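Chains as they are written, first to last, in the working numbering: chain S, 1 to 398; chain X, 399 to 591; chain B, 592 to 995.
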């Protein structure tokens, strides 16, 4: 009572398509919308990366403050009735990923015809030289080009010249294959390499139609976060050598999981095919407390441990056996140990997940009555200051 | 469809009409399950509604909702030409309490439609004269149109019905064909042994 | 069988006086292979009847929940497989009702034309089969010959004779062929001639008439309560035809009569169908006069209609459009809708529930003959066994539709 709570600073808001959205100082329009759950279409912006503002897909119309004139451009617009171009005005659109919010700002995104037209034009431009690759492209089904074309363009391109041809199937490194024709040069992969992996090995060569991503001469794309370049690629330009041509994404289902690779415990999705119950890939799952948006290559490929190099059938004394035989053999050997718990010790594996070990522990305690438990270890591995922990035992994360 | 009927229903039944809506030109009234038959009777008998044409009864399964099932009835009036959709929400997530009054006393055509609804969703229509499976066979396990019934589910093999003459309702066990039984009803012989 | 030369006691020779149970179908030739009627007889009179359906249940509604909206068309084809085009059009209209789109005028006429052809097919088969089941084989062959004219047209238009899968959300699979109008124009008089011949064979035939007139009578009120629609309802004198009561497509521009009966017996149902064939021919003639020869058939919306194949193979936009519609399906706004059209047997209703995705949440069909067959029991109770045949025939039960 004597200590009145400090008055909260007045909540700052912007108005997006008539909807009030709060923002914090320094937020760009797209970030404020992202926090509010509104998706402003974008290719090059990524919440975990710096702003490039080169795809121009997130253009929005910012209304001028009251009493100020609107920023306008003089344009020529085709008038089908007069059959000629007539001078007209149109507002100057701003990229939502770069424009910082100011209190009371009024923004039109979906509700502006100019924005709609601009996005359609951007989409047409991005598809000008795009090859007819959807049927053989790994990205098909989760491709921004496909989604945004149907949402914002829905027109055929007006260019009928032969598209520019660029190299396809370039091997960037042990994990990544690059298709320059599909690339929209959004530079997300360049920024991931420089900002997340701290290894600026990618760059852009040429400009305009000819622009493409290249690896630094004499180098390969071989840092520990190469699969993140593939993960952030909004189109099918960068493909993972591991996942390439293995599965079609619309057959996959996602399960939420935790990476078993090291003590960091990155949050991930495991994509699997329910028809044959086979996992195909990991995808990082956003968790600001642990891994933010990212995962390392080792973790990304650790999904294989679920099926590969693993005992999948039962053994009794080293010989193949059926599950029923193995169970009865185990039952026989464990019989009567309850009265004499010192005769048994249980080894828990560091390779197993917390849940597996917990199940084993519960079983051993309640049914076998064991009192001695050992946990197998694992030597320290390579770590870094980003996500990879030297400690490769995942259960220590928990 | 008719907005006017919705107004009438609201005036007549008040809070028993849980909500009304109009979408795609269809008018819907969600009624309290306990008032199901009462509302139906009113719709048929009131001269302003005169819904004498029974059209359809079915159900929809929404596993995430509570109550989980929606029983949907479509009606039409021959004289007025208007239509209405009447819905009731019943059943919890385990499909318990999946019961609603039968409309057979109101429109006899509801008979088969309710049997189908029972067959496909397991909705029990209280007061139905002959509620048994209609599209599926008696030994069928589960209710196929529920969302938790997997589409690739296989059913246990049904034993060849030895008593070929086993009577499905409405025939009782002792009705019909008495003279065939003496030599051909194997199951009865086994019982005797 | 026990040997007959056995010595029997006097009492064993007495016939028992209990009622007899008789199975009609599902293997009975007049049961269309899909229905079983369990009869309890006292002599030849039916004291109790139980109509059992489900022999053609294929889980159609469940299957529809697994594909995209467009993938339902082959399934709806197989509902009423005697007039699949009417189901195609009905389902397309239902989805379009939810999408809030209307197909171009040329397509509307085209749908009406194909639908009326299918309706003629339906009635021809129903009446022809009904006559055949009563022993009159020739009329059935005449009807089959007349149906052949229509099937030839369908084959030319759609490439398939029976199950066309020709409807699409937002249009048809293909525009009418150049010779469509000529084929229909030249086919209709031949068809009418054969319909006339059929009637000549039947309508003065005492055997045929005796088993139709006054048999299987239903009152108007009962028919309403049973949910009857279509020719079975109209035979009782209630002039309810969806095409007239709630006109869809271009039926409001067509001049046609809704034939009604007076007694609601088998004869009236037969004659209603015969007259509806003539009315359909009338509609067809008007459609041919009014239908534009050029213009779009499909609506112009890349979110709903597939692009031309050559664009799919050569341009990325066409590929994307094709991919999105085929893989994800047409996105139908969330909600529910009941759409109804006049199919061969009456009001064919589609109750669709969408959750806003490309896959139906629930597809409920309201098969018109399901209601009709539901009423069969009370029609045949008290009648004679031979009456079951024409009465059942006049219900026009189509297994695929009735059993889902």
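All residues carry an ideal CB built from backbone N, CA and C; glycine is no exception. Model, not experiment: these values are computed from the prediction.
- Unbroken beta strand (DSSP E) runs of no fewer than 3 residues, entirely contained in the stretch 511-569 of chain X, are found at 522-524, following chain order.
- Measuring C-alpha to C-alpha distances from residue 178 of chain S to each of S/163, S/227, S/259 and S/67 identifies S/227 as the nearest.
- In the structure shown, residue 822 of chain B adopts helical secondary structure according to DSSP, grouped into three states.
- For residue 991 of chain B, the enclosing alpha helix (DSSP H) starts and ends at 990-993.
- Across the structure, residue 351 of chain S and residue 947 of chain B are spaced so that their CA atoms are roughly 43 angstroms apart.
- For residue 942 of chain B, the enclosing beta strand (DSSP E) covers residues 937-945.
- Here DSSP, grouped into helix, strand and coil, assigns residue 499 of chain X to strand.
- Interface with chain B (8 angstroms Cβ-Cβ cutoff): residue 422 of chain X is included.
- Under the Cβ distance rule, residue 901 of chain B does not count among the residues neighbouring chain S, no pair being separated by less than 8 angstroms.
- Residue 971 of chain B is a Cβ neighbour of residue 979 of chain B, given a cutoff of 8 angstroms.
- At a beta-carbon threshold of 9 angstroms, the residues of chain B lying near residue 505 of chain X are 815, 816, 817 and 818, ordered along the chain.
- Residue 287 of chain S carries a strand assignment under DSSP once its states are collapsed to helix, strand and coil.
- DSSP places residue 437 of chain X inside the alpha helix (DSSP H), whose first and last residues are 434-443.
- Contact check for residue 753 of chain B and residue 666 of chain B: beta-carbon distance about 14 angstroms, past the 8 angstroms limit, so the pair fails to qualify.
- The beta-bridge partner set that DSSP reports for residue 374 of chain S consists of S/347.
- Around the beta carbon of residue 523 of chain X, 16 or more other beta carbons lie within 10 angstroms, which makes this residue buried.
- Within its own chain, the residues whose Cβ lies closer than 7 angstroms to the Cβ of residue 32 of chain S, once the five positions on either side in sequence are excluded, are 14, 21, 23 and 101, listed in chain order.
- When beta bridges are read from the DSSP output, residue 486 of chain X appears opposite X/469.
- If you draw a straight line from the Cα of residue 803 of chain B to the Cα of residue 481 of chain X, it comes to about 34 angstroms.
- Secondary structure note for residue 107 of chain S: it is in no alpha helix (DSSP H), and the uninterrupted beta strand (DSSP E) holding it is 106-108.
- Taken in chain order, the members of the stretch 632-656 of chain B whose beta-carbon sits within less than 8 angstroms of a beta-carbon on chain X are 639, 641, 643, 644, 645, 648, 650, 652, 653, 654 and 656.
- Contact of residue 543 of chain X with chain B by beta-carbon distance below 7 angstroms involves 652 and 653.
- Taking the Cα positions, residue 80 of chain S is about 10 angstroms away from residue 86 of chain S.
- Between residue 908 of chain B and residue 156 of chain S, the C-beta spacing is below 8 angstroms.
- The straight-line gap separating the alpha-carbon atoms of residue 788 of chain B and residue 730 of chain B is approximately 8 angstroms.
- Residue 390 of chain S and residue 224 of chain S have their alpha carbons spaced roughly 14 angstroms apart.
- A distance below 8 angstroms separates the beta carbons of residue 817 of chain B and residue 507 of chain X.
- Residue nearest to residue 877 of chain B within the set B/911, B/855, B/775 and B/951 is B/775 (criterion: CA-CA distance).
- Only residues of its own chain outside the window of five on either side were considered, and among them 278 and 279 have a CB closer than 8 angstroms to the CB of residue 307 of chain S, listed in chain order.
- The count of Cβ pairs closer than 8 angstroms, one atom from the stretch 917-927 of chain B and one from the stretch 803-815 of chain B, stays below three, leaving the stretches out of contact.
- By a beta-carbon distance limit of 8 angstroms, residue 294 of chain S contacts residue 196 of chain S. Their separation comes to about 6 angstroms.
- Beta bridge pairing from DSSP links residue 255 of chain S with S/270.
- When the five nearest sequence neighbours on each side are left out, the beta carbons in the same chain lying within less than 6 angstroms of the beta carbon of residue 73 of chain S are those of 90 and 92, in order along the chain.
- Here residue 425 of chain X is bridged, per DSSP, to X/420.
- Taken in chain order, the stretch 844-882 of chain B contains no complete beta strand (DSSP E) segment of 3 residues or longer.
- When rounded, the separation of the alpha-carbon atoms in residue 315 of chain S and residue 175 of chain S is 36 angstroms.
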